[in-house]
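With this note's numbering, letter number 158 in the sequence shown gets 1400, and the count goes up by one each step, no holes.
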Amino acid sequence: MKIWGGVRLEGEVWLPPAKNSVLPILAASLLCDGPVRLRQTPRLTDVENSLALLRAAGMRTAWEGEDLLLAPGRAGKSALPDGPVRAMRSSVFYLAPMLHRMGEVRMTMPGGCRLGPRPIDIHLEGLACMGAAAEWKGEQLTLSAPRGLYGAEFSLRLPSVGATETLMMAAVKAKGITVLRGAAREPEVVDLARFLMAAGAHICGAGTSTIWIQGRERLSGAAFRPVTDRIVAATVLAAAAATGGSVTLRRCVPEHLEPVVEVLTRGGCRIRREGPAALTLAAPARLAGAGWVTAGAYPAFPTDAAPVLAAAFLTAEGPSYFEDTVFEHRFGCAAGFSALGGRAKVRGRLLELAPAERLQGAAVSAADLRGGAALAVAALQAQGESTIAQAGYIRRGYGDLAALLRSLGARAEWEGKTERENEGKRRTKPEKYFSEAGGISLP
């Protein structure tokens, strides 16, 4: 990805549905006996990998414009393909749905961004409490529940979003009642519950630390638009703030952005609501320091937004300190910050930023998804041309970040035509998958 910095960003952005909501909902579609329509689904590489897992499990998948259509098909395989599993952490979401669908699932250890230890022990402990048995052979996991899953009371040791979502998906079709204590409260957890309830699940308490689920034998399909992506929103706000610009976010949920808004306001930005689903930011020519920012579980400052917000404060007038309590290696982007002229230092889980007068374009490399987006925000402030290698990471969570930035006046592009060509190849007609389904009526 190439970016020529020094341009003040201005304009408005209509936000897409959230990657962190879409991915577990895609897995949850395996629980449904009827067709599912996910409206305005972003075309991300993680979504394409999820579709590969769904097809392996026997689901039919197709795009219809911006909507993604899913429907039960032939009997699939209990072994999930290694490629998509190793490509993303979200492959762990297929454990519970595959147990319900086939009674067994085999997969390698999930991959994804290297942010430090990311064990799945809480997922497995909760599933074991509900009747599943796990067997490891090296990195190969076999999980089985020949007698099905049953309701249980389970307390999470920490509010893991992934484990909460896995156990919710296990509970909605388990026999009896499940109570999850110490559950994650993130908006994406609430959104998964909303989707499952739209399909007929009985869930109470999503968004609090205790969730009750009454298992049901069958779930129908549903038409659903996932919640807006608060991390894309934070990235757009950071890009405008970094360049002294102004931007309006449309179709956002202001309540989900309160910690991000608080930090940017501290830096001198003026942010106001424009009705129930819009925010406008106007940034000063140079931000003040952010002070101390601690990222943690919701409703704290979101960990995924920490690198992109930190990038906005590289040339601030005062120091900034970003601490991440969730991931051990969240700030792999610090080396890129330094290469661009930032004064960045990592101490354990803490990123320290001293004021830098100016940044200069450079060749940098993304180490992970959000770190890659952070390097793009940093490059927008730099004089001259910057090149971000390994920018495929960015495609995992942003449909086309270069196009989004260009819509605000930035000079940004993907090097070569590969990305556009791949985008064309992803478009398939729904008839290819659904013409044989006689009688399926998609909502």
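For glycine and all other residues, C-beta sits at the position ideal for the given N, C-alpha and C. All figures in this text were calculated on a predicted structure; none of them were measured in a lab.
By the beta-carbon neighbour count (other beta carbons within 10 angstroms, threshold 16), Glu-1428 is buried.
Counting the other Cβ atoms within 10 Å of the Cβ of Glu-1459 gives fewer than 16, which makes it exposed. According to the DSSP assignment, Ala-1475 belongs to the alpha helix (DSSP H) that extends over 1472-1484.
Check the Cα spacing between Glu-1430 and each of Lys-1261, Arg-1648, Leu-1251 and Leu-1601: the tightest is with Lys-1261. Here Arg-1328 is actually not in contact with Ala-1465; their C-beta atoms are around 32 Å apart, not less than 8 Å. Spatial neighbours of Ala-1338 in its own chain (CB-CB distance under 6 Å, excluding positions within 5 residues in sequence) are listed in chain order as Thr-1408, Met-1411 and Ala-1412.
In this structure Lys-1415 is buried. Its beta-carbon is surrounded by 16 or more other beta-carbon atoms within 10 angstroms. Excluding five sequence positions before and after Trp-1534, the CB atoms of its chain that fall closer than 6 Å to its own CB belong to Tyr-1563, given in chain order. If you ignore the 5 residues before and after Arg-1600, its C-beta comes within less than 7 Å of the C-beta of Thr-1557, Gly-1583 and Gln-1625, all in its own chain and listed in chain order. Within the DSSP bridge table, the entry for Arg-1512 names Ala-1524 as partners.
Taking C-beta atoms as the reference points, Leu-1438 and Ser-1488 fail to come closer than 8 Å.
Of all alpha-carbon atoms in Ala-1547, Pro-1388 and Ala-1552, the one lying nearest the alpha-carbon of Asp-1471 is that of Ala-1547. Listed in chain order, the non-local C-beta contacts of Phe-1396 below 8 Å within the same chain comprise Glu-1367, Gly-1368, Cys-1371, Met-1372, Leu-1409, Thr-1420, Val-1421, Leu-1422 and Arg-1423, local neighbours out to five positions each way being set aside.
Exclusion of the five residues before and after Gly-1538 leaves Thr-1567 as the residues of its chain whose Cβ lies within less than 6 Å of its Cβ.
The beta carbon of Gly-1463 sits closer than 6 Å to those of Cys-1274, Gly-1276, Pro-1277 and Val-1278, all from its chain and outside the five residues before and after it, given in chain order. Unbroken beta strand (DSSP E) stretches of 3 residues or longer found wholly inside the stretch 1250-1290: 1252-1256 and 1278-1280, given in chain order. Residue pairing for Ser-1451: DSSP places it in no beta bridge.
DSSP places Glu-1377 in the strand class (E or B) of the three-state scheme. Taking Trp-1256 as reference, the option from Arg-1512, Ala-1475, Pro-1266 and Val-1619 with the minimal CA-CA separation is Ala-1475. By the 16-neighbour rule on beta-carbons within 10 angstroms, Cys-1446 is exposed. Counting C-beta pairs closer than 8 Å gives three or more between the stretch 1334-1350 and the stretch 1384-1400, which meets the contact rule. In terms of Cα proximity to Ala-1374, the closest of His-1365, Gln-1382 and Glu-1381 is His-1365. Counting only runs of 4 or more residues that sit fully inside the stretch 1360-1425, the alpha helix (DSSP H) segments are 1363-1371 and 1403-1413, in chain order. For Leu-1310, there is no enclosing alpha helix (DSSP H); the residue is found in the beta strand (DSSP E) stretching over 1309-1314.
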